[in-house]
Structure formats: structure tokens, C-alpha cells
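Trainee:
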Amino acid sequence: MACYIYREKWKRPFFCLIIGAMLLIGVSIYQFELFSSQIQKSKYSILEDGNFEGESQGVEYPIPEHAQPRITPAALVEKGERLWFDVNDQGDVVYMMSPSLMYLPKDIKNYKHYYQLLAENTLRLEKFFQTEGGNLADCLECHLKIIIGKHNEKAGAYPIVKVEQLNEEELQELKAVYDPTLLKKAARKRKITLIPS
Numbered sequence: 003m004a005c006y007i008y009r010e011k012w013k014r015p016f017f018c019l020i021i022g023a024m025l026l027i028g029v030s031i032y033q034f035e036l037f038s039s040q041i042q043k044s045k046y047s048i049l050e051d052g053n054f055e056g057e058s059q060g061v062e063y064p065i066p067e068h069a070q071p072r073i074t075p076a077a078l079v080e081k082g083e084r085l086w087f088d089v090n091d092q093g094d095v096v097y098m099m100s101p102s103l104m105y106l107p108k109d110i111k112n113y114k115h116y117y118q119l120l121a122e123n124t125l126r127l128e129k130f131f132q133t134e135g136g137n138l139a140d141c142l143e144c145h146l147k148i149i150i151g152k153h154n155e156k157a158g159a160y161p162i163v164k165v166e167q168l169n170e171e172e173l174q175e176l177k178a179v180y181d182p183t184l185l186k187k188a189a190r191k192r193k194i195t196l197i198p199s
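Counting with the numbering used here, you get residues 3 to 199 for the letters of the sequence shown.
1. Please look up how many angstroms separate the CB atoms of Asn123 and Cys144, rounded, as I've assumed it's under 8 angstroms.
2. Which residues does DSSP list as the beta-bridge partners of Glu128?
3. If you run the structure through DSSP and keep just helix, strand and coil, what is Tyr97?
4. For the 8 angstroms Cβ check, are there 3 or more pairs between the stretch 97-112 and the stretch 146-161?
5. With a threshold of 8 angstroms on Cβ separation, who are the neighbours of Pro202 within its own chain once the five nearest residues in sequence on each side are excluded?
6. Three-state secondary structure (DSSP) at Glu67?
7. Please confirm whether Val96 and Leu120 have their CB atoms less than 8 angstroms apart.
8. Pull up the distance between the alpha-carbon of Thr195 and that of Leu168, whole angstroms please.
9. Give me the Cα-Cα distance between Gln59 and His115, rounded to the nearest whole angstrom.
10. Cβ atoms of Thr74 and Met2: under 8 angstroms apart, would you say?
11. What's the gap between the Cα of Val89 and the Cα of Glu80?
12. The beta strand (DSSP E) with Val179 in it runs from where to where?
13. Is the distance from the Cβ of Ala76 to the Cβ of Ile148 below 8 angstroms?
14. Going by the CB atoms, is the gap between Tyr117 and Asp91 shorter than 8 angstroms?
15. Helix, strand or coil for Gln118 per DSSP?
16. If you count every other CB in all the chains shown that lies within 10 Å of the CB of Val165, and 16 or more means buried, which is it?
17. Apply the 10 Å Cβ neighbour rule to Ala23 and answer buried if 16 or more other Cβ atoms are within range, or exposed otherwise.
18. Per DSSP, which one or two residues make a beta bridge with Leu74?
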């Protein structure tokens with residue numbers, strides 16, 4: 003009997019300790035999410051402003067002859083971050099998984115729209131890397147279609163002259179690039195069509 007009472011006495015405090023620890027972890031996770039969302043809102047305040055009046059004003063940067071759009075993950079880089087570099091106040095630094103230095107000119111036509119696409123993609127990438135660990139094959143919506151202009155000596159980087167979201171067809175092509183089974187199917191189809199009748 004004494005042994006049974008002793009067993010019951012240690013169970014209750016142990017159970018309370020576990021519940022308390024779980025509540026503490028839950029509250030800390032909630033506060034972290036709230037804090038990070040506030041940082042993200044202040045970091046890219048333009049996302050709150052959907053008004054793109056005056057977007058037709060600005061410099062029309064020429065698209066170089068034979069320029070091919072790049073389908074790539076792209077993110078804005080804030081001053082003080084590791085990949086930031088000085089563009090002599092010409093615009094916003096953009097990282098595109100490439101060693102080449104890129105920036106979005108602040109005087110470009112459609113600047114706000116391009117900036118918003120890049121800012122949304124930056125937040126998407128940040129969230130993806132925090133939760134999924136960073137395999138870009140699992141984040142096709144983290145890719146944008148971007149056209150690069152000619153090198154700007156004053157900025158010391160290449161200007162981004164056009165930013166677009168991928169359409170459904172381009173998303174399917176991208177899925178095929180990352181999916182080895184779809185690539186094999188496409189190769190088989192090509193072999194079949196090449197056989198003479």
C-alpha cells in the first residue's frame with residue numbers, strides 16, 4: 003500500500019512538469035512567429051501598398067539583343083546582409099543564385115511592380131528555407147522569370163530590366179527539369195517520334 007502511494011506521488015508532479023514544458027514551448031514558438039512576421043512586414047513595407055499609379059513613368063531600360071529570360075530563384079538583399087554590395091544608390095541588390103552582381107534599378111519603369119514580385123519571392127524563399135531546409139526542387143513557386151540588361155559601370159552590376167511570374171506552362175517545364183521521372187518520359191517520347199514510319 004505504501005509503495006502504491008509513493009508511485010502516485012511522483013506521477014502528478016512529473017505530469018505537471020511535462021504539461022508546463024509543452025505550454026512554454028508553444029508560447030515561445032507563437033511569439034517567435036509573431037516577431038518574425040512583424041520584421042517581415044517592416045522589411046518590405048511596399049507589399050502593403052498595392053497602388054501602382056505612376057508606374058508607367060520611369061526609364062525604359064533596353065533589353066539586350068539575344069537576351070534570354072532566366073528562370074531562377076531571386077531574392078532582395080538588404081544592406082548589412084552577407085550578400086549585399088554597394089550599387090552607389092542606383093537601386094536594390096538582388097541575389098539570383100549566380101556569381102554575377104545584379105540589382106533592380108530604382109528609376110526603372112514598373113519599379114514598384116518588379117520590387118513587389120521580388121519582395122514576395124524573398125519572403126517565400128525565407129519561409130521555405132526555414133521550414134523545408136532548402137531543396138529548391140520542392141519550391142517551384144520560388145522561381146521568377148527575369149531579364150538582365152547590359153552591365154552598368156556606375157552601379158558595378160547588371161540591371162534587372164524585367165521581372166515576371168511564371169505561367170502554368172513554364173511551371174510544368176520547370177517541374178520536368180527537377181523531376182527525373184518526367185525527364186525520362188520526355189526522352190522516351192522523343193525517341194518514339196524520331197522512329198521513321
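No residue lacks a Cβ here, since even glycine has one placed at the ideal position from N, Cα and C.
Just so it is clear, the structure is predicted and the values come from calculations on it, not from any experiment.
Mentor: Straight from the coordinates:
1. Locating residue 123 in the sequence shown gives position 121, where the first residue counts as 1. Locating residue 144 in the sequence shown gives position 142, where the first residue counts as 1. Indeed, because the Cβ distance is near 6 angstroms, the residues count as touching under 8 angstroms.
2. Sequence index remark: in the sequence shown, residue 128 carries index 126 (1-based). Answer is none; Glu128 lacks a bridge partner.
3. Taking the first residue of the sequence shown as 1, we reach residue 97 at position 95. Here Tyr97 sits in strand by DSSP.
4. yes
5. Beyond the ends of the chain as shown, which are 3 and 199, falls residue 202; an answer cannot be given.
6. For the purposes of this step, residue 67 is taken as the residue at position 65 of the sequence shown. If DSSP states are grouped into helix, strand and coil, Glu67 belongs with coil.
7. Your numbering for residue 96 matches position 94 in the sequence shown. Your numbering for residue 120 matches position 118 in the sequence shown. Yes, the Cβ-Cβ distance between Val96 and Leu120 is below 8 angstroms.
8. Taking the first residue of the sequence shown as 1, we reach residue 195 at position 193. Taking the first residue of the sequence shown as 1, we reach residue 168 at position 166. Here Thr195 scores only 38 on pLDDT, less than 50, and its place in the model is too uncertain to base an answer on.
9. If you number the sequence shown from 1, residue 59 lands on position 57. If you number the sequence shown from 1, residue 115 lands on position 113. One C-alpha to the other measures close to 12 angstroms.
10. Shown here, the chain extends from 3 to 199; a query on residue 2 therefore has no answer.
11. Counting from one through the sequence shown, the residue named residue 89 turns up at place 87. Counting from one through the sequence shown, the residue named residue 80 turns up at place 78. Approximately 12 angstroms, taken between the alpha carbons.
12. Here the question's residue 179 lines up with position 177 in the sequence shown. It is not in any beta strand (DSSP E) - Val179 instead sits in the alpha helix (DSSP H) that spans Glu170 to Tyr180.
13. Here the question's residue 76 lines up with position 74 in the sequence shown. Here the question's residue 148 lines up with position 146 in the sequence shown. Closer than 8 angstroms, so yes.
14. Numbered from 1 along the sequence shown, position 89 holds the residue referred to as residue 91. Numbered from 1 along the sequence shown, position 115 holds the residue referred to as residue 117. It is not a contact, given that the beta carbons lie outside the stated cut-off.
15. Taking the first residue of the sequence shown as position 1, residue 118 is located at position 116. If DSSP states are grouped into helix, strand and coil, Gln118 belongs with the helices.
16. Counting from 1 along the sequence shown, the entry for residue 165 is found at position 163. Buried: at least 16 other Cβ atoms inside 10 Å.
17. The residue you call residue 23 lines up with position 21 of the sequence shown. When all chains shown are included, Ala23 counts as exposed.
18. By 1-based counting over the sequence shown, the position of residue 74 is 72. Correcting the residue identity first, residue 74 is Thr in this sequence and not Leu. Answer is Leu146, bridged to Thr74.
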